[in-house]
Amino acid sequence: NNTATGSVSFQGIADLQIRKTDAPTDPVVAGTQFAYTLRVDNHGPSAAVNVVLTDFVPAGTLMEAILTTNPGGGGGCVIGVAGDPARPTECGLGTIPSGDWAGVRIYVTVLPDTRGVLHNDAEVTSDYYDDNNSNNRVTEDTTIEVVVDLQLTKLAEPGPNYAGSELKYLLHLRNGGPSTAMDVVLRDILPVETSFVRVKVLGGFGHCLLEATTPDVVACTLGNLGPNQEFRVIITVLVDPSVPDGTLITN
Numbered sequence: 403n404n405t406a407t408g409s410v411s412f413q414g415i416a417d418l419q420i421r422k423t424d425a426p427t428d429p430v431v432a433g434t435q436f437a438y439t440l441r442v443d444n445h446g447p448s449a450a451v452n453v454v455l456t457d458f459v460p461a462g463t464l465m466e467a468i469l470t471t472n473p474g475g476g477g478g479c480v481i482g483v484a485g486d487p488a489r490p491t492e493c494g495l496g497t498i499p500s501g502d503w504a505g506v507r508i509y510v511t512v513l514p515d516t517r518g519v520l521h522n523d524a525e526v527t528s529d530y531y532d533d534n535n536s537n538n539r540v541t542e543d544t545t546i547e548v549v550v551d552l553q554l555t556k557l558a559e560p561g562p563n564y565a566g567s568e569l570k571y572l573l574h575l576r577n578g579g580p581s582t583a584m585d586v587v588l589r590d591i592l593p594v595e596t597s598f599v600r601v602k603v604l605g606g607f608g609h610c611l612l613e614a615t616t617p618d619v620v621a622c623t624l625g626n627l628g629p630n631q632e633f634r635v636i637i638t639v640l641v642d643p644s645v646p647d648g649t650l651i652t653n
């Protein structure tokens with residue numbers, strides 16, 4: 403009874419830290435692309451085994467690509483569904499030795515009609531005990547800006563035009579983007595030498611009416627206009643019979 407045998411179980415401890423930035427700029431324009439750059443550092447003292455980074459990519463975005471960097475080996479991602487907390491994006495980063503790091507870059511496109519602030523959470527775990535959980539989760543907020551390029555052209559029906567006859571104007575409205583233009587309203591102040599007859603919207607769902615003003619004003623509520631989307635509006639007017647020959651009518 404002078405000898406004894408025992409065993410000691412050692413548990414690995416790995417203090418993982420996650421950091422995140424959005425680039426190239428903040429704010430980001432709706433309809434353009436940017437990237438979330440994430441870095442996971444292992445402050446040890448043990449190597450972190452089976453490191454998993456989870457990113458809850460926000461709604462209002464479309465994920466385009468993911469790149470991983472892990473000098474210690476490993477790396478592979480499953481793309482989730484933006485805005486669905488039950489289906490986040492997960493990246494297995496393998497083993498990260500003490501003092502080493504791994505990186506993930508997620509490229510997303512902001513949908514053209516996204517507004518407000520994108521809120522993105524990410525977290526990191528491993529199979530080993532982490533004695534500092536305060537740096538295992540990170541949040542990045544990205545402000546969304548709206549930039550639209552509304553382009554309006556107008557053509558009159560080719561002449562000759564006569565007093566007492568109808569004249570048509572074709573208005574072509576296009577949004578050059580990159581963001582969606584919200585609540586678009588098109589107003590046309592008709593020439594004093596004419597009176598309103600009718601209006602027709604082509605290429606979209608719009609509603610036009612004649613405002614109770616002098617001279618006549620046609621106002622068209624066209625709703626939202628996405629990037630590269632366009633509307634055509636045809637306005638028919640009646641040229642006053644008393645308009646003298648040679649008069650230049652300006653609209």
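Take the sequence shown: its letters are residues 403 to 653, numbered as in this note's numbering.
Ideal Cβ positions, reconstructed from N, Cα and C, are used throughout, including at glycine.
These numbers were taken from a predicted model, which means no experiment stands behind them.
Excluding its 5 nearest sequence neighbours in each direction, residue 555 has C-beta neighbours in its own chain below 7 Å: 574, listed in chain order. Taking 8 Å as the upper bound for CB-CB distance, residue 440 and residue 506 are in contact here, some 5 Å apart. Here residue 581 is near residue 514, since their CB atoms are less than 8 Å apart.
In this structure, the straight-line span from the alpha carbon of residue 644 to that of residue 565 is close to 7 Å.
Cα atoms of residue 435 and residue 650: separation of roughly 48 Å, rounded to the nearest angstrom. In the DSSP annotation of this structure, the continuous segment of the beta strand (DSSP E) that includes residue 575 starts and ends at 568–577. Linking residue 522 to residue 458 through their CA atoms gives a straight-line distance of about 6 Å.
The C-alpha of residue 627 is placed about 8 Å away from the C-alpha of residue 576. By the C-beta criterion, the region 529–549 is judged not to be in contact with the region 605–621, since fewer than 3 inter-stretch pairs fall below 8 Å.
According to DSSP, residue pairing for residue 607 in a beta bridge does not occur.
Our two residues, residue 417 and residue 455, have alpha carbons roughly 14 Å apart in a direct line. As a beta-bridge residue in DSSP terms, residue 522 pairs with 542. For the pair residue 647 and residue 619, the CB atoms are not nearer than the 8 Å cut-off. Cβ-Cβ distances below 7 Å link residue 489 to 482 and 483 in the same chain, with the five nearest sequence neighbours on each side left out; the list follows chain order. Annotation: residue 483 is outside any beta strand (DSSP E) and is labelled neither H nor E by DSSP. In the three-state scheme derived from DSSP, where H, G and I count as helix and E and B as strand, residue 536 is classed as helix.
CA-to-CA, the gap between residue 637 and residue 600 works out to about 6 Å. A direct Cα-to-Cα measurement between residue 462 and residue 524 gives close to 17 Å.
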